[in-house]
Structure formats: structure tokens, C-alpha cells
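Numbering-wise, the numbering used here comes out as the position in the sequence shown, counting from 1, plus 28.
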Amino acid sequence: MHTKTLAELKTGLTNGEFSSVELTQHFLDRIKNLDSKYNCFISVTEEAALAQARQCDEHLAAGDAPVLCGLPIAHKDIFCTEGIRTSCGSRMLDNFVPPYNAGVVDKIAKAGMVVLGKTNMDEFAMGSSNETSYYGPVKNPWHTDCVPGGSSGGSAAAVAACLSPVATATDTGGSIRQPAALCGITGLKPTYGRVSRWGMIAFASSLDQGGPMARTAEDAAMLLNVMAGLDSRDSTSTEHEVPDYTATLNQGIAGLTIGIPTEYFDEGLNPATEQAVRNALSELEKQGARLKEITLPHSHLSVPAYYVIAPAEASANLSRFDGARYGYRCKDPVDLHDMYMRSRAEAFGDEVKRRILVGAYCLSAGYYDAYYNKAMQVRRLIKNDFESAFSEVDVIAGPTCPNPAFEFGAKGDNPVAMYLEDIYTIAANLAGLPAMSLPCGFVDQKPVGLQLIGQYFDEARMLNISHRYQLATDWHCQSPSDVS
Ligand code: GLN
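Following this line, the structure appears as C-alpha cells:
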């Protein structure tokens with residue numbers, strides 16, 4: 029049952045081949061048997077899931093079931109879930125049980141999906157390897173001595189190992205696409221504002237965006253259908269109409285122009301990864317798309333600009349964790365100042381502290397213009413690069429990451445080497461553009477991702493191209509050893 033796609037599981041449920049309770053129990057059993065090996069889940073909500081599944085079965089029998097009724101999902105532990113601990117991968121929120129659901133969690137609940145649990149992640153979504161989680165690293169199901177990518181490594185590994193058919197995730201600088209690439213699944217970061225950020229714990233608010241992770245583009249489209257749309261509680265959420273993302277999946281791609289940025293095939297790109305990506309581009313060409321060399325001249329500035337803007341916003345967002353209102357509080361503080369200092373010192377990990385320090389420094393009076401303002405100017409240049417590229421092409425394609433999954437500890441003492449893993453993903457966040465990653469091959473038996481970057485609100489076209497690619501290839505059908 030677990031090897032079926034979300035679309036196939038929906039058909040199975042509708043035809044009565046199995047019930048939602050059976051389906052849910054099957055995934056819960058897999059989590060029980062396998063998650064000690066992968067560490068994908070921070071919390072498993074077995075009882076609530078089975079109760080929800082029983083209700084879904086009633087709706088399915090009564091014929092009044094909502095669109096994804098009875099189908100299991102896992103939520104990244106960054107999305108607030110009413111009555112369910114939401115840790116954001118941090119000791120700071122180890123004891124935090126939100127009194128409300130995130131906008132996305134609500135929408136998915138309305139669609140009838142059954143929540144299996146909350147997935148592991150880098151602390152406050154800061155990382156590219158899942159090594160910064162308070163709950164320990166997630167293992168890549170393809171190679172358990174390698175990282176799954178981050179920060180949505182728990183969601184990506186859970187989907188890759190078929191512990192859940194789909195999962196939610198978030199992407200501030202690549203955290204949906206990079207782990208999707210490293211785990212061999214399909215992940216989509218929507219246009220900024222497409223998916224509600226309400227109740228999604230903030231890292232860098234002008235960059236954060238939630239999106240779907242799935243094994244196929246079709247499943248990602250089904251999930252995006254129910255995640256997207258206006259939420260008046262998020263002031264950056266947009267009224268832009270939500271199309272049915274599944275309706276255009278099958279359209280031919282002949283005549284589309286795909287831009288290939290020279291800068292995404294630089295000397296930092298692993299040659300075998302490049303080969304896999306070039307093969308994928310040839311397949312798209314075979315289907316009638318036209319490949320056109322383009323240039324995004326400020327690409328090399330995206331990582332430095334991001335590592336000013338993201339920490340700046342993080343330092344402001346994380347100031348609310350002070351030991352007073354909620355979250356961790358140190359034992360026996362001698363006074364208020366001691367409580368602030370020790371609560372934050374004891375509950376935040378090293379990477380989070382590094383970002384807070386960098387961010388506070390960049391925003392400080394003497395340095396604001398030199399760093400933050402400068403980074404914001406660079407951000408505009410990067411956005412302009414994309415705007416001029418999109419006057420000539422329909423979509424942009426290249427690698428998602430420069431390398432396949434690396435071993436634990438490989439970049440542990442070198443934050444900059446870690447930051448460079450996001451070199452191809454960050455620009456889309458700075459520009460607010462939608463982008464996705466889909467499996468396109470293997471290097472040393474490790475999955476490689478093809479990245480597509482779309483025009484604003486053009487998620488449907490990226491999903492269409494991905495679906496057509498997946499109809500012609502079977503990279504997305506390959507699975508790691510525990511899946512069979
Ligand atoms: N790896 C990047 C970082 O560490 C991006 C993380 C993300 O997208 N949440 O900030």
C-alpha cells in the first residue's frame with residue numbers, strides 16, 4: 029500500500045479497496061518499524077490519526093467526503109498544530125503545545141487528510157543537513173550515513189522511505205527543494221504569498237514559504253490545490269486565484285522555452301550531477317521544449333545577500349523567545365536579565381545563536397547601511413535578473429544542488445561550505461519566485477534533483493513540465509531499500 033502514490037491511494041479509498049483506518053494503520057506500523065532508523069518524526073500522533081481516520085471512513089461511506097478525505101500526511105514541525113507539540117526542532121519549543129492550527133494545517137484538515145505526526149527539521153529551519161535539530165539528525169533513506177538535506181529533512185526522508193505518502197515543508201532558502209533533491213522526491217516552493225504563513229513559525233518572514241513534498245508532481249499538485257489560497261490572517265497572503273493544479277498536468281510542453289542559466293553550471297557543480305541534469309534537459313528538448321542559454325549575472329551574490337537578510341529577520345523574529353511568555357525557561361533565575369540570558373543560551377543551538385548574532389550585528393546602527401541595506405539592494409538586482417530572463421523564457425531549469433547527499437559531519441566545522449549547498453536555490457526566495465525540484469538521476473547511488481524556477485504564480489506550468497518528464501522517466505519511481 030505504501031508504494032502507491034497519493035493519487036492511487038485516493039482511487040483505492042474511493043473504490044473501497046481499503047479503508048482510511050487500514051491505510052492509516054499501515055503507515056503508523058511502518059513508522060513504528062522503521063523510524064528508529066531514520067528519525068523522521070519528532071511526534072507521532074497515533075491515537076488522533078486513527079480517530080480521524082474512523083471519521084473519514086464514515087464520510088467516505090456517506091458520500092460526503094472532502095477532496096483528500098482519509099489520506100495520510102505528515103506536517104513539518106514548524107506548522108502549529110492545535111493540541112500537538114510543535115517544537116520547530118528546538119529545545120526552546122520542546123514543551124510548546126499551540127492552542128491553534130496554522131493556516132495550512134487548517135486547510136489540509138478541511139480537505140480531510142489524516143495527520144500521522146510532526147516531522148524532524150533543522151532547528152528553526154536553519155540548516156541544509158538536518159544536523160542542527162535538537163532531536164538528532166534525520167538519516168537519508170538512500171544512505172543512512174548521509175544527510176537528508178535540510179531544513180525539511182524529516183519530511184523529505186519520510187516521503188522517500190514511504191512513511192507518509194506526502195508531507196508539508198517550508199523553504200526559506202531551499203529547504204523544500206534541497207532535501208527533496210537529496211532524498212529523490214518531488215518538492216515545490218510556491219510563489220511568496222501563495223501559501224499562508226499564518227501559524228508557521230517564522231524564520232525569515234520575507235523569504236519563508238510553505239509547500240508540498242511528494243513522490244510525484246501529480247501528488248504535489250493535489251496537495252498544493254488544498255494548501256494554496258488566501259488567508260486573511262497572513263498579510264502577505266494573496267487573493268490571486270488558485271487554479272486546479274492537476275487540470276493542466278498532461279498538457280504537451282512543445283514550444284515552451286526553457287532558460288538555462290550559465291551561472292548554474294559553474295565550476296562548483298559536481299560533473300556527474302551536471303550530466304544527470306543535462307540528460308533531463310535533453311528529455312525536455314525531446315518533448316519539444318526549446319532550450320535557451322540565459323544569464324543571471326548576480327547569482328553569485330545570492331548567498332551573501334541571503335546570509336545578511338535571513339539572519340537579520342531571524343534575529344528579530346526569534347527575540348520573542350525570551351523565557352517569559354512561552355517556551356523554555358531556565359531554572360532558578362536570579363533576576364529578569366539572568367532569565368533572558370540563560371533561557372536563550374540554554375535553549376538555542378549553535379547555528380541559531382550564530383544567526384542571531386550575525387543578524388543583530390547587520391541591523392545595528394553603525395552597520396545597517398553597510399550590510400542590511402546593501403543586501404536589500406542586491407536582492408533587487410537578483411529580482412531584476414529574473415525579470416529580464418522571463419521576458420525571453422517561460423521557465424528556468426538547472427541543478428537543485430551542486431552535490432548529492434554528503435556524509436554527516438562533512439561540513440560540520442565549516443558553516444560557509446554548508447551555506448554554499450544552497451547556491452542554486454536561494455535566489456528564487458530572494459525574488460519570491462516559485463521553484464521546484466524533481467528527481468532526475470543518481471550519482472553514486474544518491475539521488476540528484478532537477479530544479480525548475482517559474483514566473484510568479486506559474487506553479488501550474490512547473491508541475492506540468494515535471495509531470496510530463498515523470499511520464500517519460502522513472503527516476504521518481506525508484507526507492508531506497510526499505511520501501512519494497
Ligand atoms: N539552508 C538554508 C539556511 O540554512 C535555507 C534553510 C531554509 O530554507 N529554511 O538558512
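Heads up, the beta-carbon is just placed ideally off N, CA and C, and yes, glycines get one too.
Endpoints, the beta strand (DSSP E) within which residue i is located
i, result
"F2", "Residue 2 cannot be examined here, being either before or after the span of the chain that is shown, 29 to 512."
"R318", "318–322"
"T285", "285–289"
"L144", "142–147"
"G439", "It should be pointed out that residue 439 corresponds to Lys in this sequence rather than to Gly. Careful: K439 lies outside any beta strand (DSSP E) and carries neither H nor E."
"A102", "100–104"
Inter-residue spacing [alpha-carbon to alpha-carbon] between residue i and residue j
i, j, result
"S371", "E36", "48 Å"
"A185", "C211", "6 Å"
"A456", "M490", "14 Å"
"V476", "T428", "8 Å"
"L466", "L216", "9 Å"
"S118", "F124", "10 Å"
"I59", "N67", "9 Å"
"M154", "T214", "21 Å"
"Q473", "F293", "22 Å"
"I229", "Y400", "23 Å"
"K167", "N253", "30 Å"
"C108", "N298", "38 Å"
"V143", "P100", "6 Å"
"S180", "G145", "14 Å"
"V95", "H54", "21 Å"
"E75", "D85", "15 Å"
"H103", "I112", "11 Å"
"G440", "A398", "29 Å"
"T42", "F414", "43 Å"
"T147", "S161", "11 Å"
"A93", "L34", "16 Å"
"F69", "S157", "15 Å"
"M367", "P361", "5 Å"
"A308", "T31", "24 Å"
"P169", "D122", "26 Å"
"L88", "L56", "21 Å"
First and last residue of the uninterrupted alpha helix (DSSP H) at residue i
i, result
"E311", "299–314"
"P443", "443–447"
"A411", "At residue 411 the sequence reads Lys, which differs from the Ala that was named. K411 -> alpha helix (DSSP H) spans 402–417."
"A333", "330–345"
"Q53", "48–66"
"R498", "Looking at the sequence provided, one finds Gln at residue 498 rather than Arg. Segment 487–500, the alpha helix (DSSP H) holding Q498."
"N457", "454–459"
"T39", "34–42"
"R119", "Looking at the DSSP string, R119 is not in any alpha helix (DSSP H), and its letter there is neither H nor E."
"G131", "131–138"
"Y18", "The displayed coordinates of the chain run from 29 to 512. Any statement about residue 18 would go beyond what the structure contains."
Those residues which DSSP pairs with residue i across a bridge
i, result
"S465", "G215, Q479"
"P240", "T196"
"N168", "H171"
"S527", "Outside the modelled stretch of the chain, which goes from 29 to 512, sits residue 527, for which no answer is possible."
"G426", "Q479"
"V471", "K474"
"A256", "V223"
"I112", "T109"
beta-carbon residue i near the ligand MG non-hydrogen atom, thresh 7 Å
i, result
"G155", "As for the ligand MG, it is missing from this structure, which binds only the ligand GLN."
Below-8 Å beta-carbon distance, residue i vs any chain B residue
i, result
"A137", "The chain inventory of the structure shown lacks chain B, comprising one protein chain alone."
### Query
If we count Cβ pairs, one from each stretch, closer than 8 Å, do we get three or more for the segment 317–334 versus the segment 344–354?
No, the segment 317–334 does not touch the segment 344–354.
#### Entry: Given 8 Å, three or more beta-carbon pairs between the segment 415–434 and the segment 356–374
Flag = no, the segment 415–434 and the segment 356–374 do not touch.
### Query
Touching or not, the segment 187–199 and the segment 246–263, by the rule of three or more beta carbon pairs under 8 Å?
Yes, the segment 187–199 is in contact with the segment 246–263.
### Task
Assess, as a yes-or-no matter, whether the segment 224–243 is touched by the segment 146–161 under the definition of 3 or more beta carbon pairs within less than 8 Å.
At 8 Å Cβ cutoff, the stretches touch.
### Query
Is there contact here, the segment 259–272 with the segment 381–395, by at least three beta-carbon pairs under 8 Å?
Judged by Cβ distances under 8 Å, the segment 259–272 makes no contact with the segment 381–395, as fewer than three pairs qualify.
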